[in-house]
Amino acid sequence: MNLDAENRVVLNVGGIRHETYKATLKKIPATRLSRLTEALANYDPVLNEYFFDRHPGVFAQILNYYRSGKLHYPTDVCGPLFEEELEFWGLDSNQVEPCCWMTYTQHRDTKETLAVLDQLDLDTEKPSDEEIALKFGMEEEFKAGTLSCWQKIKPKMWALFDEPYSSTPAKIGFSSARNLTAMEIHFQIYEWHNTMTESKTRKWVRSSRSN
């Protein structure tokens, strides 16, 4: 019996077959893949493989996590789907690498921001159409029913940019702007860290050469 072949395991995830070592799957204990046994219902003794009807693209990153110890977020899937897959495989989302963290958590921030704005929307009494017309100096046209297209659109355009809780598009726009600002700060810190690392490396090289 080939000892190497004996230690291998085949995982069929969503129709894509992956082959790895049992020892690799033991690197992260207390997870679904670390507890594989042939007694499981999803083990096929004929094909000698385990079948999981899960997202194959996400699993490629998950298996790489077992191999490298680094969990990266696949940018071609949404955050909730990635969270769902991590939960199925028994993995902690807090282990996502720093380089992927901002992208991964963006959907969380958006969801939290929208929840806050929704609550503000519930707590804030919306002005009537007449009050809006009065605010924009269009009371006479409103009462006469002669508002032009622009006069009807103007309050909505103003609310979109000035009142982030006034409508769903306004909420999304506000949330996106907030996330972009956070990402910009993150990238500036990342660039600064890289610059400092390169500077220290150059100093170490010069010091080594002088010695």
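Residue 165 in full-length UniProt numbering sits at position 165 of the sequence shown, with consecutive numbering throughout. Backbone N, C-alpha and C define an ideal beta-carbon position, used for all residues, glycine too.
Would you call the stretch 58 to 69 in contact with the stretch 6 to 18, where contact means no fewer than 3 C-beta pairs closer than 8 Å? yes
Please report the Cβ distance between S93 and E83, rounded to the nearest whole angstrom; I am assuming they are in contact, meaning their Cβ atoms lie under 8 Å. 6 Å
Within this structure, are the beta carbons of L71 and V46 separated by less than 8 Å? no
What residue does the beta strand (DSSP E) around E19 start on, and which one ends it? 16 to 21
Can you list the alpha helix (DSSP H) stretches of 4 or more residues lying completely in the UniProt domain "BTB" (7 to 107), in chain order? 22 to 25, 56 to 68, 79 to 89
For Q106 and T75, what's the separation of their Cα atoms in angstroms? 12 Å
Using the C-alpha atoms, what's the distance from L81 back to T24? 25 Å
Mind checking L33: buried by the 16 CB within 10 Å criterion, or exposed? buried
Using CA atoms only, rank isn't needed, just tell me which of W101, S148, L91, V9 is closest to E38. V9
Using beta-carbon positions only, say whether N7 and K22 come within less than 8 Å of one another. yes
Would you call the CB atoms of Y73 and Y104 closer than 8 Å? yes
Do H85 and R54 have their C-beta atoms closer together than 8 Å? According to the sequence provided, residue 85 is Glu. The question's His does not apply to it. Yes, Cβ-Cβ distance for E85 and R54 is below 8 Å.
Taking the beta carbon of L40 as the centre, do at least 16 other beta carbons fall within 10 Å, making it buried, or is it exposed? exposed
Whose C-beta lies closer than 7 Å to the C-beta of F51 among residues of the same chain, with five residues either side of it excluded? N12, N42, D44
What do you reckon, are the CB atoms on T31 and G90 nearer than 8 Å? yes
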